[in-house]
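Student: In my numbering, the protein residues as written are 6 to 265.
In this text, a Cβ means the ideal position worked out from N, Cα and C, and glycines have one as well.
1) Identify whether residue 201 lies in helix, strand or coil by the three-state DSSP scheme.
2) When the Cα of residue 176 is compared with those of 233, 79, 80, which residue comes out closest?
3) Considering only DSSP beta bridges, list what residue 194 is partnered with.
4) Work out the CA separation of residue 80 and residue 144 for me, nearest whole Å.
5) Which residues mark the beginning and the end of the alpha helix (DSSP H) in which residue 168 is found?
6) So, at 7 Å on beta carbons, what are the nonlocal neighbours of residue 130 in its own chain, with the 5 sequence-adjacent residues on each side left out?
7) For residue 162 and residue 156, I'd like the C-alpha separation in whole angstroms.
8) Tell whether a beta-carbon distance below 9 Å holds between residue 125 and residue 171.
9) Measuring straight from C-alpha to C-alpha, what distance separates residue 73 and residue 136?
10) Within its chain, find whatever has a CB closer than 7 Å to the CB of residue 235; leave out the 5 residues flanking it on each side and keep chain order.
11) In this structure, does DSSP put residue 223 in helix, strand or coil?
12) With distance defined between alpha-carbon atoms, name the residue in 159, 158, 239, 121 nearest to residue 102.
13) According to DSSP, what are the bridge partners of residue 158?
14) Secondary structure at residue 77, three-state DSSP: helix, strand or coil?
15) Secondary structure at residue 86, three-state DSSP: helix, strand or coil?
16) Taking the CB atoms as reference points, tell me whether residue 165 and residue 113 lie closer together than 9 Å.
17) CA-CA distance, residue 109 and residue 142?
This is how it looks when you write it as structure tokens:
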């Protein structure tokens with residue numbers, strides 16, 4: 006790999022080529038490649054995947070010649086070992102409604118009760134697995150699709166999983182529900198008025214949205230589609246966190262989630 010950068014005749018040049026003294030861009034096997042010809046060891050190579058809605062939708066099945074393998078240990082086996090069922094508690098609501106706080110409080114109560122649990126938090130997920138997604142409608146849909154798939158894996162492992170995402174679009178939440186078996190998806194609508202959420206504004210996001218510093222902010226210039234048939238509706242306008250978390254725990258107890 007020494008000397009000048011070798012040519013790759015099989016790569017197809019795409020679009021208007023930038024001056025060679027700066028860089029060249031190619032697409033190879035669906036992957037965008039950009040390299041600095043002045044750097045012999047290719048230290049300048051960067052790779053970016055196709056964007057959603059442009060080259061292809063991220064939810065499309067691309068891999069071929071793959072086969073689904075059934076596990077020797079199934080969900081019922083794991084439930085018996087854990088002493089309880091797995092479930093996906095999907096907390097949805099406006100920013101500032103209290104989703105993350107209630108979800109984390111429920112997680113703490115579950116842990117105290119000896120229930121295997123975990124929280125998938127919206128902001129935390131965007132620091133890692135979904136850090137390449139923005140807040141366009143397409144990226145929001147992909148964000149929720151990925152979380153739904155991860156949540157399903159957690160449920161299959163027998164874990165009571167709480168998610169805290171605005172997840173503003175009803176169709177995206179319904180798609181996540183469709184991944185799981187009947188009763189495994191529990192939609193929890195943390196209901197709070199826009200006025201309440203703006204008054205709280207814990208991250209200062211509403212103030213920025215009103216000032217035009219943030220575009221496409223849910224509740225301001227982007228819609229929130231409230232659940233029509235949520236399993237649990239929490240009145241975050243008038244009730245405190247502990248009371249709301251208690252209502253979730255009561256529901257889970259009454260519906261038999263704490264037994265195998």
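Tutor: By the coordinates alone:
1) Helix.
2) Here the closest residue by C-alpha is 233.
3) Under DSSP, the beta-bridge partners assigned to residue 194 are 97, 238.
4) Cα to Cα, the separation comes out at about 31 Å.
5) Run containing residue 168: none in the alpha helix (DSSP H); it sits in the beta strand (DSSP E), 165–169.
6) Cβ neighbours of residue 130 beyond the five flanking positions: 152.
7) Distance between the alpha carbons of residue 162 and residue 156: 10 Å.
8) Not a contact, by the Cβ cut-off of 9 Å.
9) Residue 73 and residue 136: Cα-Cα distance of roughly 28 Å.
10) Once the five neighbours on either side are set aside, the close Cβ partners of residue 235 are 192, 193, 194.
11) Three-state result, residue 223: strand.
12) Nearest C-alpha to residue 102: 239.
13) The partner list for residue 158 (beta bridge, DSSP) is empty, contrary to what the question assumes.
14) In this structure, residue 77 counts as coil in the three-state DSSP scheme.
15) In the structure shown, residue 86 sits in a helix (DSSP, three-state: H, G or I).
16) In this structure, residue 113 does not lie closer than 9 Å to residue 165 by Cβ.
17) The straight-line gap from Cα to Cα measures roughly 27 Å.
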